[in-house]
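Residue numbers (the working numbering): 16 to 226. We treat Cβ as the ideally placed atom computed from N, Cα and C, and that holds for glycine. Everything numeric in this text was worked out from a predicted model, so none of it was measured. Comments concern the structure below.
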């Protein structure tokens with residue numbers, strides 16, 4: 016396997032933080048386009064098909080560092096990551112990592128779900144696509160056997176789809192629960208990739224007045 020994804024373990028995180036390797040700006044921008052295209056197929060293709068397509072994206076787009084795709088996008092900056100929504104800054108925080116952990120810690124209100132639902136569903140599809148790209152990559156970074164890495168990648172995919180389904184069902188409690196479960200998988204990927212220490216597991220907090 017080539018040097019395609021030297022920081023793939025970190026990429027498996029829908030969380031954030033520093034990356035092991037910083038790719039050229041243009042590579043990440045082009046890679047983002049490939050991941051977005053794959054995210055549009057998450058609901059119509061099986062896991063195995065997505066993994067095969069994800070491998071092609073990583074190799075064809077010369078994608079060195081998927082992790083930066085999760086960072087907050089900044090208008091006017093060439094290296095534009097895959098933020099939460101289509102429009103930079105429309106959702107706060109705009110970074111997938113930060114948004115996921117906020118959702119896990121604090122349940123959305125009905126008004127917030129109405130305003131952010133479309134962007135959050137997109138975030139779930141993007142995260143599932145990232146999982147497919149990471150499944151067969153990252154030998155240089157990961158610290159676990161290939162079978163375990165593939166297992167974590169698929170768990171990330173499954174939890175990302177569950178999160179997306181909860182959003183589409185407008186189930187506020189399930190969205191919070193799914194965000195926490197997805198964050199848990201990502202913490203395991205942090206450790207498996209040998210990157211920076213993973214954030215501690217997230218304990219969901221019920222909204223005020225709820226048990």
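Suppose you measure from the CA of residue i to the CA of residue j; what does that come to, to the nearest Å?
i	j	result
residue 196	residue 75	32 Å
residue 208	residue 163	11 Å
residue 184	residue 73	32 Å
residue 227	residue 186	The structure shown does not extend to residue 227, since the chain is modelled only from 16 to 226, so the question has no answer here.
residue 166	residue 61	15 Å
residue 101	residue 173	23 Å
residue 104	residue 181	23 Å
residue 47	residue 124	30 Å
residue 206	residue 171	14 Å
residue 139	residue 121	18 Å
residue 131	residue 68	29 Å
residue 219	residue 51	Interpretation of residue 219 is limited by its pLDDT of 48, a score under 50 that renders its predicted location unreliable; the figure taken from the coordinates is listed afterwards. Straight-line Cα distance between these residues: approximately 29 Å.
residue 113	residue 107	9 Å
residue 57	residue 126	27 Å
residue 158	residue 202	14 Å
residue 34	residue 111	Caution is warranted here: a pLDDT of 29 is assigned to residue 34, below 50, making its placement in the model unreliable, and the coordinate value is therefore given only provisionally. Straight-line Cα distance between these residues: approximately 14 Å.
residue 20	residue 135	Annotation note: pLDDT 36 at residue 20 (below 50); position unreliable, coordinate value reported separately. Going from the Cα of residue 20 to the Cα of residue 135 covers about 26 Å.
residue 175	residue 59	15 Å
Going by C-alpha to C-alpha distance, which of the options sits closest to residue i?
i	options	result
residue 99	69, 137 and 120	137
residue 191	203, 202 and 117	117
residue 200	160, 64, 143 and 63	143
residue 179	112, 161, 52 and 133	133
residue 160	121, 204 and 55	204
residue 55	141, 175 and 158	141
Measuring CB to CB, does residue i end up less than 9 Å from residue j?
i	j	result
residue 119	residue 177	no
residue 115	residue 188	no
Between which residues of its own chain and residue i is the CB-CB distance below 8 Å, once the five residues before and five after are set aside?
i	result
residue 169	62, 146 and 150
residue 53	65, 68, 69, 72, 144, 147 and 148
Sorted by chain position, which residues of the same chain lie with C-beta nearer than 6 Å to residue i's C-beta, five sequence neighbours on each side aside?
i	result
residue 64	none
For the segment 162 to 204, list the alpha helix (DSSP H) runs that are entirely contained and at least 4 residues long, ordered along the chain.
-> none
Entirely enclosed alpha helix (DSSP H) segments - the segment 94 to 159, minimum 4 residues = 111 to 120 and 125 to 149
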